[in-house]
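So the structure is just underneath, and the comments pick up after that.
In my numbering, the protein residues as written are 1154 to 1676.
See the structure below:
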């Protein structure tokens, strides 16, 4: 080879054509790439922890019909993203696509929305796992159950978050192995939970109860389950159950620089994770709904799945189901932490984050350790409101958890919208990769964009009457602080962009110069 040139694999050549050298270990298989998105979607996490959003804002009918309908739209978003990652398989993922297709400003805002969304998903997954660890211990010990406190749950949340961060600091190969195990845990776990909920309960709800019963536990519109107010302001919130659960599949893009044959494997990883999770999640949710013995009792318990299980089965069986879910949530958390840290690494590599030298630094094991630590710390900070006890209509409702879940939905889906829009706008000039939609982007992209906009607006709605600013019962502890946090950050970014960033930020940097004979790897 001529001096200054090296022999590169096809993946390294593709990455070099996008301007980057191979800094991370490319040790992940196509299955591992699928596994991380499948693990982050984790129906053992989202279906269990955010079930109350569907129950309190629509009831069984909203969940039974809403999940498959919303899943179809999410799959369209995923297919659009699969086409993008095939063309541009970089750790920056969504941010890089937006910058490439829409310019530096589009990339800057997209990157920050992606980062905010991922950190919120990290926070909500860890807090959900802490809640379920507490519930699981409570099923095996009445003493433990009697000593419940939000402070105890928060301390467990911090320990779980630290545990996940520690695992992520070791090696990318270990993480790939963990994600592979996670897939089989999710498949086996969901199957076992479904079997238990079908065979163990002595009685089940009727078809009518599952597919036609509606509920409004928000306190809004006097608890009505009909009328314009109910249809526009209450029922739509139930969609966040699906939208929150089936998210995080951009992980396949963030891990693409560590994946073999990334242009094909990462693309398939995204849409397959959504497809299989949507089917498994719907069957799982239906078994929850059929296991309900007393819907009023579930409402009194804030719409928590643990109440359904306690009605239907003895404590040992409840403990088994909760334990299966808990382990799935820990797998999910580990994968979310990986995706979040890689996003911060890539965004910092392009110098778009204050302190970028720290967050883009990799250890001797080629892991962005500082990025892992700082994302975990920020996730802990934004979950502090969970220490405030909130009861809606006498039922304990985790408003802070629902808020960070909504922040995750808004941040991630809005950032997905930007490159999808620019790819749609590019039309036939878009340089398609190995995997592409063969022209179907022309109708899929606008459908995906409308769904994202509608869902993002819904995610900002108050989830109870006490969170409505003009109502006499308003208190800050009831507030869905999604619009405050997301809006506040966007205002700060707007100021930061116009005061400073636009003067020096030009989008993704070029570590590699493309020359006629090959690639110059000098920085």
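For every residue, glycine included, the Cβ atom is placed at its ideal position computed from N, Cα and C.
Owing to the predicted nature of the structure, the values given are computational and were not obtained by experimental measurement.
Of the listed residues the options, nearest to residue i (C-alpha basis)
i            : options                   : result
residue 1187 : 1260, 1409 and 1345       : 1409
residue 1420 : 1434, 1435, 1551 and 1404 : 1404
residue 1601 : 1617, 1204 and 1227       : 1227
residue 1430 : 1595, 1313, 1176 and 1339 : 1339
residue 1414 : 1193, 1651, 1317 and 1168 : 1168
residue 1522 : 1492, 1505 and 1549       : 1492
residue 1281 : 1661, 1646, 1365 and 1551 : 1551
residue 1625 : 1373, 1295 and 1255       : 1373
residue 1355 : 1456, 1315, 1293 and 1465 : 1465
residue 1556 : 1617, 1596 and 1290       : 1617
residue 1387 : 1215, 1318 and 1536       : 1215
residue 1593 : 1234, 1222, 1364 and 1265 : 1234
residue 1598 : 1238, 1183 and 1229       : 1229
residue 1678 : 1279, 1176 and 1542       : This structure gives no information on residue 1678, because the portion of the chain shown stretches from 1154 to 1676.
residue 1628 : 1510, 1443, 1541 and 1650 : 1541
residue 1398 : 1573, 1271 and 1353       : 1271
residue 1637 : 1375, 1389, 1177 and 1612 : 1612
residue 1236 : 1572, 1296 and 1647       : 1572
residue 1630 : 1536, 1525 and 1469       : 1536
residue 1434 : 1345, 1221 and 1520       : 1221
residue 1512 : 1382, 1209, 1268 and 1371 : 1268
residue 1648 : 1258, 1249 and 1190       : 1258
residue 1294 : 1591, 1524, 1261 and 1469 : 1469
residue 1217 : 1304, 1566 and 1436       : 1436
residue 1595 : 1580, 1589 and 1329       : 1580
residue 1254 : 1582, 1646, 1615 and 1608 : 1582
residue 1177 : 1411, 1245 and 1185       : 1411
Expected contact under 8 Å - CB spacing of residue i and residue j to nearest Å
i            : j            : result
residue 1341 : residue 1575 : The Cβ separation is near 41 Å, so there is no contact.
residue 1391 : residue 1211 : 4 Å
residue 1484 : residue 1335 : 4 Å
residue 1432 : residue 1231 : With a Cβ gap of about 14 Å, residue 1432 and residue 1231 do not count as contacting.
residue 1449 : residue 1213 : Actually they do not touch by this definition, with Cβ atoms about 13 Å apart.
residue 1569 : residue 1274 : About 13 Å separates the two Cβ atoms, so there is no contact after all.
residue 1394 : residue 1180 : Their Cβ separation, rounded to whole angstroms, is 35 Å, which puts residue 1394 and residue 1180 out of contact at 8 Å.
residue 1173 : residue 1243 : 7 Å
residue 1453 : residue 1239 : At roughly 49 Å, the Cβ-Cβ gap does not stay under 8 Å, so residue 1453 and residue 1239 are not in contact.
residue 1497 : residue 1506 : 7 Å
residue 1402 : residue 1194 : 6 Å
Exposure of residue i, with buried meaning 16 or more beta-carbon neighbours within 10 Å
i            : result
residue 1379 : exposed
residue 1482 : buried
residue 1669 : Per-residue confidence for residue 1669 stands at a pLDDT of 40, beneath the threshold of 50, marking its modelled position as unreliable; the derived number appears in the next sentence. Per the 10 Å Cβ criterion, exposed.
residue 1655 : exposed
residue 1495 : buried
residue 1460 : buried
residue 1659 : exposed
residue 1604 : buried
residue 1425 : buried
residue 1366 : buried
residue 1501 : buried
residue 1517 : exposed
residue 1578 : exposed
residue 1160 : exposed
residue 1285 : buried
residue 1451 : buried
residue 1510 : exposed
residue 1615 : buried
residue 1657 : exposed
residue 1407 : buried
residue 1349 : buried
residue 1675 : Only weak support exists for where residue 1675 lies, its pLDDT of 43 falling under 50; the value from the coordinates is given anyway. Exposed, because fewer than 16 other Cβ atoms sit within 10 Å of the Cβ of residue 1675.
residue 1641 : exposed
residue 1310 : buried
residue 1223 : buried
The alpha helix (DSSP H) enclosing residue i, as first and last residue numbers
i            : result
residue 1587 : Taken as a continuous stretch (DSSP letters only), residue 1587 belongs to no alpha helix (DSSP H), as it is neither H nor E.
residue 1597 : 1594-1611
residue 1236 : 1213-1240
residue 1248 : 1247-1255
residue 1634 : Premise fails: residue 1634 is in no alpha helix (DSSP H) and is neither H nor E.
residue 1578 : 1552-1579
residue 1529 : 1522-1535
residue 1658 : Segment: none, residue 1658 is in no alpha helix (DSSP H) and carries neither H nor E.
residue 1509 : 1509-1512
Any C-beta of chain D under 8 Å from that of residue i
i            : result
residue 1358 : The structure shown has no chain D; it contains just one protein chain.
Residue i beta carbon near the ligand NAP (any heavy atom closer than 7 Å)
i            : result
residue 1320 : Only the bare structure without any ligand can be found here, which leaves the ligand NAP out of the picture.
Residue ranges of each beta strand (DSSP E) run of no fewer than 3 residues wholly in the segment 1453-1484, ordered along the chain?
-> As for any beta strand (DSSP E) of minimum length 3 sitting wholly inside the segment 1453-1484, there is none.
Please list the segments of the alpha helix (DSSP H) lying wholly inside the segment 1277-1332, counting only runs of 4 or more residues, in order along the chain.
-> Fully enclosed alpha helix (DSSP H) runs of 4 or longer: 1295-1299 and 1303-1322.
Starting from the N-terminal side, write out each stretch of the alpha helix (DSSP H) that is 4 residues or longer and does not extend beyond the segment 1346-1417.
-> Listed in chain order, the complete alpha helix (DSSP H) runs (minimum 4 residues) inside the segment 1346-1417 are 1360-1365, 1392-1398 and 1404-1407.
Where are the alpha helix (DSSP H) runs, 4 residues long or more, that stay fully inside the segment 1161-1199, in chain order?
-> Those alpha helix (DSSP H) runs which fall completely within the segment 1161-1199 and span 4+ residues are 1163-1170 and 1183-1194.
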